[in-house]
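Asks:
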Amino acid sequence: MGRELKKLIHAKFGRSFHIREVDTGSCGACESEIIACSNPMYDIQRFGIDFVASPRHADALLVTGPVSKNMALALKKTYEAMPEPKFVITMGECASLGGMFKDSYYTCKGVQNIVPVSLHIPGCPPSPSQIITHLLLFIQKF
């Protein structure tokens, strides 16, 4: 299964699927789950999915946390720095709808109000297996 998916990713992207993670003001729970995706138990790299430091090398942004007004411009600039085709994936309830911060005067009420969103991974926080499953299903549909 892993080899087949890795071949599919290489066929679609010519290399691994690269993700740039952006924390726009989260509590840190989603980041912990993202980090766990790379540990030996989940090993997201076996599918040809890697995390990168620069948006210029990314195929997708993985956004966590409610977008604070201070992070809105940074998120938009990060998105604009990505090459085409580019995708935005929100993760967790805060990134999608603002979570418990949705009524705060200091949030933008969800990532979709700043950049176009291609996929939402639900949960608070979603588990590493949920993250990997949603990413693989998204890549297969693309």
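Counting from 1, position 142 in the sequence shown corresponds to residue 344 in this note's numbering; the numbering is continuous, with no gaps.
Don't be surprised by glycine CBs; every beta carbon is placed ideally from N, CA and C.
Here the structure is a predicted model, which means the values were calculated and not measured.
Should residue 304 be listed as close to the ligand SAM, given that the test is whether its C-beta is under 7 Å from any heavy atom?
Replies: Ligands are entirely absent from the displayed structure, and the ligand SAM is therefore not among its contents.
Asks: Rounded to whole angstroms, what's the CA-CA distance from residue 263 to residue 281? Just pull it up for me.
Replies: Reading the sequence shown from its first residue, position 61 is the one you call residue 263. Reading the sequence shown from its first residue, position 79 is the one you call residue 281. So the alpha carbons of these two residues sit roughly 7 Å apart.
Asks: In three-state DSSP terms, what is residue 262?
Replies: Position 60 of the sequence shown, counted from the first residue, corresponds to residue 262. Looking at residue 262 - three-state DSSP - the assignment turns out to be strand.
Asks: Going by DSSP in three states, residue 286 sits in which element: helix, strand or coil?
Replies: In the sequence shown, counting from the first residue as 1, residue 286 sits at position 84. Coil, per DSSP.
Asks: Quick one: grab the DSSP three-state call for residue 217.
Replies: Numbered from 1 along the sequence shown, position 15 holds the residue referred to as residue 217. DSSP places residue 217 in coil when its eight states are reduced to three.
Asks: Return helix, strand or coil for residue 341, following the three-state DSSP convention.
Replies: Position 139 of the sequence shown, counted from the start, is the residue given in the question as residue 341. Residue 341: helix per DSSP, three-state reduction.
Asks: Quick check: the Cα distance between residue 310 and residue 228, rounded to an integer number of angstroms?
Replies: As a position in the sequence shown, residue 310 is number 108, starting the count at 1. As a position in the sequence shown, residue 228 is number 26, starting the count at 1. Computed Cα separation, rounded: 13 Å.
Asks: Less than 8 Å between the CB atoms is what I'm expecting for residue 290 and residue 328, so what's the real figure, rounded?
Replies: Your numbering for residue 290 matches position 88 in the sequence shown. Your numbering for residue 328 matches position 126 in the sequence shown. Not quite, the Cβ-Cβ distance comes to about 16 Å (not below 8 Å), so this is no contact.
Asks: Starting from the N-terminal side, write out each stretch of the beta strand (DSSP E) that is 3 residues or longer and does not extend beyond the segment 293-342.
Replies: 321-323
Asks: Going by C-alpha to C-alpha distance, which of 216, 246, 270, 260 sits closest to residue 225?
Replies: Position 23 of the sequence shown, counted from the first residue, corresponds to residue 225. That would be 270, whose Cα lies nearest to the Cα of residue 225.
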